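K.L.:
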């Protein structure tokens, strides 16, 4: 293990739309030493997620865009190898916004979570036990409010958030219907994640497949895509349906917004509601979600898939690959 | 007063889109006598409202379409002139779905409300003290959830629902901004209904006018129009904004739905929510709303405007006129 050289994935130029390999470069710099109140973290895994498109685009969004020339903003997981903070010990396993770098020298308050126990794998804390699982938990339970016997439809149903949504909905007694692209992902939906039905939006006639899978209409739609998939769902809402807008991965560019069928009439006639979800709004309650997710995993009632790329060199193309649908599960980069 | 002839406004043919004068006819039939459990109501006012478009169109909606040849479904207000129901007395002032007819012989349970007291005018119980005011009350307070200091934008702001929304929002300490068509209506907004600002969507540049009137963004949008007015509002939502979809009057035909800019990204980035409103869902709580509205009127804090057409012959063109924007206030037809 080389702890003198920090290898980083850096934003090289600003993309429009989906960031491609050409927009990133690998940079090597000396490892910093922690100052007072700081820790040095040896990252083991970098996260790759759809939201990164928003983080690097110049368009107004949740947070300041990542600066050109800066280390890519990213959640990562690793262990503390040096600490100048009294609250953190060498050997602690931690996650946080440490960026795409092998060695992160950060103020201790950048640590988002210190893992308790050692029975669950580190990588899970970037997915099902990280923001993906927490997003699924609050989005489904707080905004979707599923009731036993209701029908929950999930887009990108085999993905790291979607697969967790489907399983939590099933744990709450719901009929679950997953929408995914390709036979491998729909098979994963029904075989690994327990969906009652899975629809391949590339092959199936979406309207008729939804009608067949959801004979009583759709009570909860957990949406990661927007676009034509959502339009088909909106036409089959049940009375008082809840739509949770978690992501818009099918739309490459929102500047300007693309057009689609207006939804006001569906919302009105069905007395439906639509809710935007940002997991950061639930920060004060992360512990509640993580505890529930850990319990379900330990009880064997919640599973997940990972798609692990090997090495720093995999980073530049990793986001573009997500949008191509390359991955089967939570995409991570193993860097140590 | 002729209580032997019942004059009715009847649906003569099924319209596509906005019903016009040609779709209705006036019919005269003998007045029925009430049977056991029934009452005979002499209607004084018939209501005219945008929702009637939906009631006469064949497209699936809240309720069965009005049959061709049937009395037009309508709220009306009148007094009981004969009663075979022990719970209702001759002279009671009542409202309900008595239809466009001068004499309604109905089962007593069709009476939706029996007016208590006699200090407030009968016509008000079809508008500000009827479903318009109750719609405004629950839509704004239950779904819009305005907080003091927030900005509430209302479309068709001078209308019978909108004017009430604006005033209730103001009573709750909000900044209120009305959108209406034409100088007469915008003047009514600021002078009669206390809006802090009014925007003429026909004359003003909507985007810049909204930006000027809502410097902190739009916290609550109470929408009666959909269409380009809503698109402009959606672009200026504040964080955690609430959109209440009460009507879609700017869209003449929803079959198929017209296209517009997709809204998922705005909903997501602002963590906004959108809620369909149908007042009938609040039936069990009408009394709470009506009491509050009566109190505000008696305290001089809530006002309204009426647009009263005279006589049965005014009925056929009355709905089309609403959609032309002819009326300044709640449209009623006085029939006795």
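Protein chains in written order, with the working numbering: chain A, 20 to 355; chain B, 20 to 355.
A virtual CB, placed ideally from N, CA and C, is assigned to each residue, including glycine.
If you're wondering where the values come from, they're calculated on a predicted model, not measured in any experiment.
Do you know how far the Cα of residue 292/B is from the Cα of residue 168/A?
P.N.:
Those two C-alpha atoms are separated by around 25 Å.
K.L.:
Within the same chain, show all residues whose beta-carbon is closer than 6 Å to that of residue 152/B, passing over the 5 residues directly before and after it, in chain order.
P.N.:
183, 312
K.L.:
Comparing C-alpha positions only, which one of 344/A, 266/A, 237/A sits nearest to residue 257/A?
P.N.:
237/A
K.L.:
Taking C-beta pairs closer than 7 Å, name the residues in chain A that residue 238/B reaches, listed in chain order.
P.N.:
Within chain A, no residue comes near residue 238/B; the closest Cβ sits about 14 Å away, beyond 7 Å.
K.L.:
Bridge partners for residue 293/B per DSSP, in chain order?
P.N.:
Residue pairing by DSSP puts residue 293/B in a beta bridge opposite 293/A, 262/B.
K.L.:
Is there a Cβ from chain B that is less than 8 Å from the Cβ of residue 296/A?
P.N.:
yes
K.L.:
Give every residue of the same chain whose Cβ lies closer than 6 Å to the Cβ of residue 219/B, excluding the five residues on either side of it in the sequence, and list them in chain order.
P.N.:
205
K.L.:
Since residue 264/A meets chain B, which of its residues come closer than 8 Å, beta carbon to beta carbon?
P.N.:
283, 286, 287
K.L.:
Restricting to runs no shorter than 3 residues, where is the beta strand (DSSP E) found entirely within the region 89-177 of chain B?
P.N.:
If we require 3 residues or more, the beta strand (DSSP E) runs fully inside the region 89-177 of chain B come out as 95-102, 112-115, 122-126, 130-133, 170-174.
K.L.:
Name the DSSP bridge partner or partners of residue 33/B?
P.N.:
Residue 33/B is not bridged to any residue.
K.L.:
Would you give the residue range spanned by the beta strand (DSSP E) that residue 211/B belongs to?
P.N.:
Where residue 211/B is concerned, there is no enclosing beta strand (DSSP E), given that its DSSP letter is neither H nor E.
K.L.:
Return the first residue and the last residue of the beta strand (DSSP E) that residue 66/B is part of.
P.N.:
57-66
K.L.:
Judging by CA-CA distance, which residue of 200/A, 233/A, 119/A, 250/A is the nearest neighbour of residue 330/A?
P.N.:
119/A
K.L.:
Buried or exposed, going by whether 16 or more other CB atoms sit within 10 Å of the CB of residue 271/A?
P.N.:
exposed
K.L.:
My guess is that residue 94/A and residue 145/A are in contact by the Cβ rule of under 8 Å, so how many angstroms apart are they, rounded?
P.N.:
6 Å
K.L.:
Which residues in the same chain as residue 207/B place their Cβ atom closer than 6 Å to its Cβ, once the five residues preceding and following it in sequence are excluded?
P.N.:
Same-chain partners within the cutoff: 177.
K.L.:
Shorter than 8 Å from the beta carbon of residue 234/A to some beta carbon of chain B?
P.N.:
no
K.L.:
Counting only C-beta atoms, is residue 280/A closer than 8 Å to chain B at any point?
P.N.:
Yes - at least one Cβ of chain B is within 8 Å of the one on residue 280/A.
K.L.:
DSSP has residue 194/A in a bridge; who is on the other side?
P.N.:
170/A
K.L.:
Closest by CA to residue 40/B, which one among 345/B, 333/B, 181/B, 348/B?
P.N.:
Checked all of 345/B, 333/B, 181/B, 348/B; the closest Cα to residue 40/B is 333/B.
K.L.:
At the level of alpha carbons, what is the spacing between residue 317/A and residue 130/A?
P.N.:
25 Å
K.L.:
Could you tell me which chain B residues have their CB closer than 8 Å to the CB of residue 300/A, listed as they occur along the chain?
P.N.:
290
K.L.:
Under 8 Å, Cβ to Cβ, is there at least one residue of chain B near residue 165/A?
P.N.:
It does not: the Cβ of residue 165/A has no partner Cβ on chain B nearer than 8 Å.
K.L.:
Closest to residue 235/A by CA distance: which of 254/A, 85/A, 222/A is it?
P.N.:
Of the candidates 254/A, 85/A, 222/A, the one whose C-alpha sits nearest the C-alpha of residue 235/A is 254/A.
K.L.:
With respect to the beta strand (DSSP E) encompassing residue 350/A, which residues constitute its N-terminal and C-terminal limits?
P.N.:
349-353
K.L.:
What does residue 277/B touch in chain A if you count any residue whose Cβ is under 9 Å from its own?
P.N.:
280, 281
K.L.:
Compare the C-beta of residue 175/A against all C-beta atoms of chain C and say whether one is closer than 8 Å.
P.N.:
Chain labels in this structure do not include chain C; the protein chains are A and B.
K.L.:
Is the shortest distance between the beta-carbon of residue 273/B and the beta-carbons of chain A less than 8 Å?
P.N.:
yes
K.L.:
Against chain A, which members of the region 140-174 of chain B pass a CB distance test of less than 7 Å?
P.N.:
none
K.L.:
With a threshold of 16 other CB atoms inside 10 Å of the CB of residue 121/B, please say whether the residue is buried or exposed.
P.N.:
buried
K.L.:
For the 8 Å Cβ check, are there 3 or more pairs between the region 294-303 of chain B and the region 343-351 of chain A?
P.N.:
no
K.L.:
Within the 8 Å Cβ cut-off, does residue 249/B reach chain A?
P.N.:
yes
K.L.:
Shortest alpha-carbon distance to residue 352/B belongs to which of 35/B, 53/B, 66/B?
P.N.:
66/B
K.L.:
So with Cβ pairs under 8 Å, would you call residue 293/A a contact of chain B?
P.N.:
yes
K.L.:
At what residues does the beta strand (DSSP E) containing residue 46/A begin and finish?
P.N.:
Residue 46/A -> beta strand (DSSP E) spans 43-49.
K.L.:
Restricting to Cα atoms, I'd like to know which of 27/B, 70/B, 165/B is closest to residue 268/B.
P.N.:
70/B
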